[in-house]
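In what follows, a single structure is set out as structure tokens and then discussed.
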Amino acid sequence: MNTKRWIALVAAAVLLGISMVINSAFALFQSDMNSGLSDLMSPTDSGYMEYVIEEGSMDSRIAVLNVDGVIQDTGDASPLFGSSGYNHSFFMDQLEQVKQDTSVKAILLKVNSPGGGVVESAEIYNKIKEIQNETEKPIYVSMGAMAASGGYYISAPAEKIFVNEETLTGSIGVIMESVNYGKLAERYGVDFVTIKSGPYKDIMSPTRDMTDAERDLLQEMLNESYESFVDIIEEGRNMSEKEVKEYADGRIMSGRQAVKAGLADDFGFEADVIANIKSDFDLGDAEVFEYGASQGWGSLFSMKVNSFFGNDIESKLLGKLFTDYNSPRMMYLYGEK
Numbered sequence: 001m002n003t004k005r006w007i008a009l010v011a012a013a014v015l016l017g018i019s020m021v022i023n024s025a026f027a028l029f030q031s032d033m034n035s036g037l038s039d040l041m042s043p044t045d046s047g048y049m050e051y052v053i054e055e056g057s058m059d060s061r062i063a064v065l066n067v068d069g070v071i072q073d074t075g076d077a078s079p080l081f082g083s084s085g086y087n088h089s090f091f092m093d094q095l096e097q098v099k100q101d102t103s104v105k106a107i108l109l110k111v112n113s114p115g116g117g118v119v120e121s122a123e124i125y126n127k128i129k130e131i132q133n134e135t136e137k138p139i140y141v142s143m144g145a146m147a148a149s150g151g152y153y154i155s156a157p158a159e160k161i162f163v164n165e166e167t168l169t170g171s172i173g174v175i176m177e178s179v180n181y182g183k184l185a186e187r188y189g190v191d192f193v194t195i196k197s198g199p200y201k202d203i204m205s206p207t208r209d210m211t212d213a214e215r216d217l218l219q220e221m222l223n224e225s226y227e228s229f230v231d232i233i234e235e236g237r238n239m240s241e242k243e244v245k246e247y248a249d250g251r252i253m254s255g256r257q258a259v260k261a262g263l264a265d266d267f268g269f270e271a272d273v274i275a276n277i278k279s280d281f282d283l284g285d286a287e288v289f290e291y292g293a294s295q296g297w298g299s300l301f302s303m304k305v306n307s308f309f310g311n312d313i314e315s316k317l318l319g320k321l322f323t324d325y326n327s328p329r330m331m332y333l334y335g336e337k
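Each residue of the sequence shown is one higher than the last, beginning at 1 in UniProt numbering.
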């Protein structure tokens, strides 16, 4: 065996040894972390974990639920290079959990979201109304840095809405976006061949201009969703259609403006809202808790990978071009997707 092969074997052995040491240390660290978390959190019957924010009576509790990020259903899968964020199915399960849990007497919904899908927002809204109608559990909303469009949609039915003075909210309306890269493709000699069964089958195609008939058809759809949005605010905020539509033109507003317009009730942070719930519903000794779920070490790895490739502007642009706009849909959303 020559010298190069000996060096290769030694190097492989060293790498194997290092790998075994790291894996063992990592497994021990993970075990310690899980043990530490178990001291802070307790499992529910549904398998979720509960993190106690304020100690109190186990028979009268306040549940804190979080909507943080774009409201969209991305499925249960966590892609290797994906990022953690709002999990729609997990949040819907939490709503069902607080509905069924008789020890939960009130709910604090923390919203920090630019909005999201029309369907997902409607699912949350319907579930909130179901909880209110069937259990009469009060729901207060604490808006974070942003609770716009769909973020406001899901907040509207709450008994009270609290904002920070600098909260960005409003953006009441519906949007549908696509991109037309037909001329760009033409410049590079790319020809798109489309065979369709009807004139509207490729509506909002990214390879051609939209016709007036197609635009009218889509506008009618958006108008219907917009009117539903307005109706929800009318009911939730006890406002007339005229009062709502004065601000329901897509404009964004601050927390100060929202309170002045009647779209929010008062100012306060999470602790202030909890104090209001306790005072308003005689829950001074209530335990305050929120649900948690282990994100897993895959998510941590994902965050590191995203951080490493975060400056790849070209890949981001191509991804947005060919993925985000591949299937346009109606959104209650402020800002970029």
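Ideal placement from N, C-alpha and C gives every residue a C-beta, glycine not left out. These numbers come from a predicted model, not from an experiment.
Distance CB(residue i)-CB(residue j) smaller than 9 Å
i    : j    : result
S113 : G151 : yes
P157 : G236 : yes
N276 : K160 : yes
Y334 : I252 : yes
L283 : G170 : no
I154 : I233 : no
N133 : A145 : no
G292 : M143 : no
Beta strand (DSSP E) segment containing residue i, residue limits
i           : result
V111        : V104 to S113
D68         : S57 to D68
residue 339 : In the structure displayed, the chain extends from 1 to 337; residue 339 sits before or after that span and is not available.
residue 369 : Any question about residue 369 goes unanswered here, given that the chain covers just 1 to 337.
A147        : I139 to A148
T169        : L168 to G170
E290        : A286 to G292
S121        : Run containing S121: none in the beta strand (DSSP E); it sits in the alpha helix (DSSP H), V118 to T135.
V163        : K160 to V163
S254        : I252 to S254
Residue range of the alpha helix (DSSP H) that includes residue i
i    : result
M221 : D212 to R237
L95  : H88 to Q100
V273 : E270 to D280
E186 : G182 to R187
V52  : Unbroken run through V52 is the beta strand (DSSP E), M49 to E54; no alpha helix (DSSP H).
E241 : E241 to K245
Same chain only: Cβ atoms within 6 Å of residue i, ignoring 5 sequence neighbours per side
i    : result
M303 : Annotation note: pLDDT 46 at M303 (below 50); position unreliable, no value reported.
E54  : V288
Buried versus exposed call for residue i [16 or more other C-beta atoms within 10 Å across all chains shown]
i    : result
A213 : exposed
F162 : buried
L37  : In this prediction, L37 scores a pLDDT of 47, lower than 50, which makes its location untrustworthy; the coordinate-derived value is nonetheless stated afterwards. The residue is exposed, with fewer than 16 neighbouring Cβ atoms inside 10 Å.
Q72  : buried
V67  : buried
S197 : exposed
M331 : buried
L95  : buried
is_contact[residue i, chain D] using C-beta, thresh 9 Å
i    : result
I128 : Among the chains of the structure shown, chain D does not appear; only one protein chain is present.
Residues near residue i in its chain [Cβ-Cβ closer than 7 Å; skip 5 each side]
i    : result
G69  : G85, Y86 and S113
K245 : V230
Subject >> Any 3 or more C-beta pairs closer than 8 Å across the segment 121-128 and the segment 200-212 >> reply: no
Original post:
So does the segment 98-108 actually touch the segment 57-72, counting three or more Cβ pairs closer than 8 Å?
Top reply: Three or more Cβ pairs drawn from the segment 98-108 and the segment 57-72 lie within less than 8 Å of each other, which places the two stretches in contact.
Original post:
Would you call the segment 91-105 and the segment 173-190 in contact, with 3 or more CB pairs under 8 Å?
Top reply: no
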